[in-house]
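Visitor: Chains as they are written, first to last, in the UniProt record's numbering: chain A, 1 to 194; chain B, 1 to 194.
Each residue gets a CB set at the ideal place from its N, CA and C atoms; glycine is no exception.
All values reported here derive from a predicted model rather than from experimental measurement.
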């Protein structure tokens with residue numbers, strides 16, 4: 001579940017060019033939100049050629065995921081969710097989210113993004129635009145499910161992840177992942193069946 | 001849905017005694033968490049007689065709700081949830097939560113408490129203990145539903161409230177409450193049926 005793809009061939013730019021692009025991306029995403037940020041604008045902020053940005057990051061979604069150190073990018077996670085039987089998508093989604101959030105290293109950047117969004121209007125806009133346009137609407141439209149139903153499913157998993165890892169409610173915090181798959185899978189399946 | 005009950009009769013203490021008790025309560029709840037805080041300890045912090053604390057606040061739950069300016073107290077909200085047909089409890093819960101969170105005046109203190117819990121370990125402990133012991137376990141035990149299922153229901157509504165009012169995801173943010181009752185009610189009902 002790597003967040004970036006490197007093209008083969010020569011590597012232009014200094015050793016830290018990638019890091020400079022990511023720093024510029026964080027600044028531009030925070031200021032403009034996800035929708036209005038452009039590869040061109042990020043290149044300008046980083047003082048590099050747009051082609052160099054494209055060399056490191058094929059898409060804006062991938063760049064956002066890398067800039068926020070997210071454990072997964074929409075381009076890798078959406079196909080994982082969509083492949084396999086439609087009647088098992090609820091189970092697949094719950095299992096995927098529990099796997100991504102299980103270890104502190106992959107969970108912490110996600111929680112950091114949520115914390116910012118909870119306390120800062122700019123961060124909330126950035127997270128909202130990314131979640132809806134790059135993630136939820138993509139899945140909903142490919143499965144022909146109304147956006148509201150996907151957001152109900154998101155709400156279920158968002159609340160469970162916060163309850164399990166941030167509030168640490170028991171018995172939720174120490175529940176076995178498979179027990180949660182059994183409990184939550186049918187809820188998500190029902191929303192996706194709409 | 002008043003959070004406190006005044007006993008009839010004379011009102012001892014200065015005009016701001018109630019406010020002083022609440023300030024002491026906020027300090028003690030933050031330091032000790034909800035479980036370990038006591039009426040006696042709060043009275044000591046406020047430098048008043050414990051009987052005076054009881055005069056203003058009949059229970060620790062009511063005092064917590066008043067101290068955090070919560071729009072509802074467990075003593076008022078749990079009976080509202082439990083009265084009425086068991087097969088409509090999902091619908092009743094969704095409607096109740098959407099009503100309590102609908103106006104900014106009643107929603108903001110709740111969101112403030114969640115924000116603190118998201119960013120501060122002490123506040124997270126306080127919120128966790130209050131939510132589980134004063135709210136979720138009470139409802140679960142009275143309905144003989146496993147604690148994990150109540151927490152799944154909590155997760156659904158917690159995530160929806162944050163998605164609707166903090167992240168402001170569309171179409172969730174402007175969805176009609178009755179549409180949400182129809183969408184989320186069966187999910188909550190299923191957890192409560194367990």
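(1) Does chain B have any CB closer than 8 angstroms to the CB of residue 90/A?
(2) Which residues bound the alpha helix (DSSP H) around residue 37/B?
(3) I think residue 100/A touches residue 72/A, with their Cβ atoms under 8 angstroms apart; what is that distance to the nearest whole Å?
(4) List the endpoints of the continuous alpha helix (DSSP H) containing residue 187/A.
(5) Mind pulling the chain B residues with CB within less than 9 angstroms of residue 171/A?
(6) Run through the UniProt domain "HTH tetR-type" (15 to 75) of chain A for me and flag every whole alpha helix (DSSP H) of 4 or more residues, listed as ranges in chain order.
(7) Distance cutoff 8 angstroms, beta carbons only. Does residue 183/A sit that close to anything in chain B?
(8) If we count Cβ pairs, one from each stretch, closer than 8 angstroms, do we get three or more for the stretch 127 to 140 of chain B versus the stretch 113 to 123 of chain A?
(9) Counting only Cβ pairs nearer than 9 angstroms, list the residues of chain A close to residue 168/B.
(10) Within its chain, find whatever has a CB closer than 7 angstroms to the CB of residue 127/B; leave out the 5 residues flanking it on each side and keep chain order.
(11) If the cut is a Cβ gap below 8 angstroms, which residues of chain B does residue 117/A touch?
(12) Is the beta carbon of residue 159/B sitting closer than 8 angstroms to the one on residue 155/A?
(13) Taking just the CA atoms, how far does residue 35/A sit from residue 25/A?
(14) Figure out for me which residue from 190/A, 193/A, 177/A has the closest Cα to the Cα of residue 97/A.
(15) Mapping the DSSP letters down to three states, classify residue 167/B as helix, strand or coil.
(16) Rounded C-beta distance between residue 109/B and residue 69/B? I'm assuming under 8 angstroms.
(17) Quick one: residues in its chain with C-beta nearer than 7 angstroms to the C-beta of residue 33/B, no 5 flanking neighbours on either side, listed in chain order?
(18) By DSSP, does residue 172/B sit in helix, in strand, or in coil?
(19) Touching or not, the stretch 145 to 155 of chain B and the stretch 161 to 179 of chain A, by the rule of three or more beta carbon pairs under 8 angstroms?
(20) So, are the CB atoms of residue 50/A and residue 61/A less than 8 angstroms apart?
(21) Any C-beta of chain D sitting closer than 8 angstroms to the C-beta of residue 160/A?
(22) Work out the CA separation of residue 193/A and residue 172/B for me, nearest whole Å.
(23) Along the stretch 14 to 39 of chain A, where does the CB come closer than 9 angstroms to a CB of chain B? Name the residues.
(24) By how many angstroms is the C-alpha of residue 53/B removed from the C-alpha of residue 188/A?
(25) Are the C-beta atoms of residue 106/B and some chain A residue less than 8 angstroms apart?
(26) Hey, would you say residue 89/B sits closer than 8 angstroms to residue 48/B, going by beta carbons?
(27) Could you give the residue range of the alpha helix (DSSP H) that holds residue 146/B?
(28) Taking Cβ-Cβ distances shorter than 9 angstroms, what residues in chain B pair up with residue 76/A?
(29) Measuring only the C-alpha atoms, how far is residue 191/A from residue 122/B?
(30) For residue 107/B and residue 56/B, what's the separation of their Cα atoms in angstroms?
(31) State the CB to CB distance for the pair residue 180/B and residue 94/B, rounded to an integer number of angstroms; the pair is presumed to be in contact (CB under 8 angstroms).
(32) Using CA coordinates, which residue listed in 64/A, 92/A, 17/A is at the minimum distance from residue 28/A?
(33) Using the Cβ count rule (16 or more neighbours within 10 Å means buried), how would you classify residue 182/A?
(34) Using CA coordinates, which residue listed in 86/B, 148/B, 174/B is at the minimum distance from residue 148/A?
(35) Got a sec, what are the start and stop residues for the alpha helix (DSSP H) residue 95/A sits in?
(36) Out of 83/A, 67/A, 40/A, which has the shortest C-alpha to C-alpha gap to residue 142/A?
Guide: Reading off the structure:
(1) no
(2) No alpha helix (DSSP H) contains residue 37/B, which DSSP labels as neither H nor E.
(3) 6 angstroms
(4) 177 to 192
(5) 146, 147, 148, 151
(6) 17 to 36, 39 to 46, 50 to 56, 60 to 67
(7) yes
(8) no
(9) 124, 125, 128
(10) 113, 117
(11) 166, 167
(12) yes
(13) 13 angstroms
(14) 177/A
(15) coil
(16) 4 angstroms
(17) 125, 126, 129
(18) coil
(19) yes
(20) no
(21) Protein chains A and B are contained in the structure displayed, whereas chain D is not.
(22) 18 angstroms
(23) none
(24) 46 angstroms
(25) no
(26) no
(27) Where residue 146/B is concerned, there is no enclosing alpha helix (DSSP H), given that its DSSP letter is neither H nor E.
(28) Within 9 angstroms Cβ-Cβ: nothing; residue 76/A doesn't reach chain B, min ~22 angstroms.
(29) 36 angstroms
(30) 24 angstroms
(31) 6 angstroms
(32) 64/A
(33) exposed
(34) 174/B
(35) 89 to 102
(36) 83/A
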